[in-house]
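Input: a single structure, listed below in structure tokens.
Residue numbers (the UniProt record's numbering), protein chains in the order written: chain A, 1 to 268; chain B, 1 to 310.
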């Protein structure tokens, strides 16, 4: 039965899986290839000729790098806010038994179980009714709100798998509550907190729907890309997209290598 | 006991044995930890919902201002006018969810059981596209599916487009600006949200169960049907929810890859709020969407839950 057909049948899962992976990666390849394009019209949808122009001057388009900086700034602040608030909630939920626990759990779950547009629209209804001017602050408020639940979920998962006896041991060794928290609890919970922070940074940086409703005239990077889809897409957008992809892969690979080295050091 | 827990500032009754009661200060700790975050959610998540509810029963115009007149008619009018868009949203989101499951399961399976030392690399490749703004990647689909491009050419020569045209998914020999393009974009955008939960639940399965099934003369297909798939149900449920819910409210794919014939309910809500400025109708529409999604999700979780037990 060593026919090609039998081989195909045995490796069906692998082939199907790799096809899906190709489907996932294909747009990134297109983005990368078209960052070297020299388009003739306003839009960068069809291949013309190879050019390094856009890579030499990524900020050559008006407002592009300004919007990028604004998005980074908002992502940074909302990550800080959501991580601080979310970590506190996660600890309260895992470590304490109190009366409103069920209600708090469902309040945290709801923002994740609702179409984003419903939250976006309701926030706009609030800001309109209160006469609050849309802009940087309303975006920040919205981003902290929807990132919060994801941080809670990430930190909760980590704290749940943590052995409470470690903290008891620290207390037995006469460590005060602050010392126990800083030297024992926090280091163990750190990977969960880092995962939550990373997730909320990515979510905030890439958010479009909620920002679209609550930004007024403020232009974040996704808003810039959205506008350019109507007015004409500069090649520089592809350059930024490619750079983001490469940086992300490098950061993740570096993290992996550090993790592996640590594991090896521990087993030695 | 419960009364003192409800009102934590009050000292416990004197009759309680002091040894088992933590101090009042200590019992307040969880509430202090919760306070800022919960307050944030109450003010910027719950309160907005209440405001939106009140907006949906207002009448008036932008010039004269809006008043709460308990005008529930808006809901009925909004629904009867826009039910095609509601149906289309559910249909597109549902199709995309099924496609995500069909496409995502083999990849999640491959990473969990067959990847070996490539596992981390494959996981990185699943997550990495996230870091290029999803709008940029969605725009890339415009290039991929361009009229007369290689993809459309290949689909055409394989007579795939004849079938999809017959199904009403495409028109003639183009893919852009048809339902197929929108569904393709939705599937693509939410695929990682399907793969990651599937992978997490598959990875937890003890591979010795597969060996046991093999020892009991189960063929691979039977092992999958009777062991692997039922055990991966938590991942299937959370994956389908994470795909279906955001897809049902999405308007980016319909806007960038579709045409006016493929408008989803998200597009309507967006233009009512931001362009037409008919706030009551927009608010009513987003509440109807929320209700539909919540009802469908509840029924689905019940069903999936019982299936899991069988």
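Where is the CB? At the ideal position from N, CA and C, for every residue including glycine.
The structure presented is a predicted model; accordingly, all values stated were derived computationally and were not measured.
Beta-bridge partners of residue 171 of chain B (DSSP): B/174. Out of B/158, B/205, B/169 and B/128, the CA that lies nearest to the CA of residue 29 of chain A is found in B/128. Within the stretch 106-130 of chain A, the residues whose Cβ lies closer than 9 angstroms to some Cβ of chain B are 107, 108, 110, 111, 112, 113, 114, 115, 116, 117, 118, 119, 120, 121, 122, 123, 124, 125, 126, 127, 128, 129 and 130, listed in chain order.
Along the stretch 275-298 of chain B, going in chain order, the ones with a CB nearer than 9 angstroms to a CB of chain A are 279, 282, 283, 285, 286, 287, 289, 290, 293, 294 and 297.
Closest in alpha carbon position to residue 86 of chain B, among B/251, B/70 and B/300, is B/251. The DSSP assignment places 134-144, 150-157 and 160-166 as complete runs of the alpha helix (DSSP H) inside the stretch 132-201 of chain B, in order along the chain (cut-off: 4 residues). Residues of chain B whose Cβ lies closer than 8 angstroms to the Cβ of residue 28 of chain A are, in chain order, 128, 129, 132, 137 and 140. A check of alpha carbon separations from residue 168 of chain B across B/70, B/61, B/73 and B/261 identifies B/261 as the nearest. Your pair residue 195 of chain B and residue 228 of chain B does not check out as a contact, with CB atoms roughly 16 angstroms apart and the cut at 8 angstroms. Secondary structure at residue 238 of chain B: helix, using DSSP grouped into helix, strand and coil. By a beta-carbon distance limit of 8 angstroms, residue 120 of chain A does not contact residue 283 of chain B. Their separation comes to about 12 angstroms.
Within chain A, the residues placing a beta-carbon under 9 angstroms from that of residue 188 of chain B are 23, 24, 26 and 27, ordered along the chain. Residue 253 of chain A places its beta carbon less than 9 angstroms from that of residue 124 of chain B. Two segments are said to touch when three or more pairs of C-beta atoms, one from each, lie closer than 8 angstroms; by this definition the stretch 213-230 of chain B does not touch the stretch 176-194 of chain B.
A direct Cα-to-Cα measurement between residue 38 of chain A and residue 49 of chain A gives close to 5 angstroms. Note: residue 68 of chain B is bridge-paired with B/58 in the DSSP secondary-structure output. One finds 44 in chain B with Cβ atoms closer than 7 angstroms to the Cβ of residue 141 of chain A, taken in chain order. The C-beta distance from residue 267 of chain B to residue 189 of chain B rounds to 15 angstroms, too long to fall under 8 angstroms, and the pair is not in contact. The distance from the Cβ of residue 123 of chain A to that of residue 44 of chain B is about 7 angstroms, consistent with a contact at the 8 angstroms cut-off. Taking all protein chains in view, the Cβ of residue 151 of chain A is crowded by 16 or more other Cβ atoms within 10 Å, so the residue is classified as buried. Judged by DSSP secondary structure, residue 81 of chain B falls within the alpha helix (DSSP H) whose first and last residues are 73-109. At a cut-off of 9 angstroms between C-beta atoms, residue 258 of chain A does not count as an interface residue with respect to chain B. Residue environment analysis places residue 63 of chain A among the exposed positions, since fewer than 16 neighbouring C-beta atoms fall within 10 angstroms of its C-beta.
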